[in-house]
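Participant:
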Amino acid sequence: MHQHASAGVEELHAIGRGHSNQAKLVREQFREYFNNEATVSDLTASLEFSQNEINALKTTIKTNEAERVASRGTIDKLSQHIDSTQLKIKNMEDRINYQEDYSRRNNTRISGVEEQSSEQTWE
1 MHQHASAGVE ELHAIGRGHS NQAKLVREQF REYFNNEATV SDLTASLEFS QNEINALKTT
61 IKTNEAERVA SRGTIDKLSQ HIDSTQLKIK NMEDRINYQE DYSRRNNTRI SGVEEQSSEQ
121 TWE
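Residue 25 in the UniProt record's numbering sits at position 25 of the sequence shown, and the numbers go up by one each step.
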């Protein structure tokens, strides 16, 4: 009977070691679960931060697009103003050239040609 009791004790020790190993495995699985939970939480926070950054960039892009459209209108108006001003300058240059030609015609005298005051010598 002593051997039988000894075998029963060994069996109990083996069962205890098995339970101990199972307890270690369960603890490791809990640690892994909580580590994964923390990792998921960190990833979620990172994604939320990234989403906020993306939303801020979208807002900036929309603002820049609106400013670009407004600037395009201003550029078009300024281009029209430049074209108009250049046309006015060209017309004034033509008038100045005409006035200079007119002024020179009245100052030119040719020897031997009779001058009549009623004659127009331009155009």
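Every residue gets a Cβ at the ideal spot worked out from N, C-alpha and C, and that includes glycine.
Please classify S6: does DSSP put it in a helix, a strand, or coil?
Facilitator: S6 falls in the helix class under three-state DSSP.
Participant: Expressed to the nearest angstrom, what Euclidean distance is found between the alpha-carbon atoms of N91 and E100?
Facilitator: Computed Cα separation, rounded: 14 angstroms.
Participant: Measure the C-alpha to C-alpha separation of R68 and I75 and round it to an integer number of angstroms.
Facilitator: Answer to the nearest angstrom: the Cα atoms are 10 angstroms apart.
Participant: Return helix, strand or coil for E11, following the three-state DSSP convention.
Facilitator: Note: E11 maps to helix in three-state DSSP.
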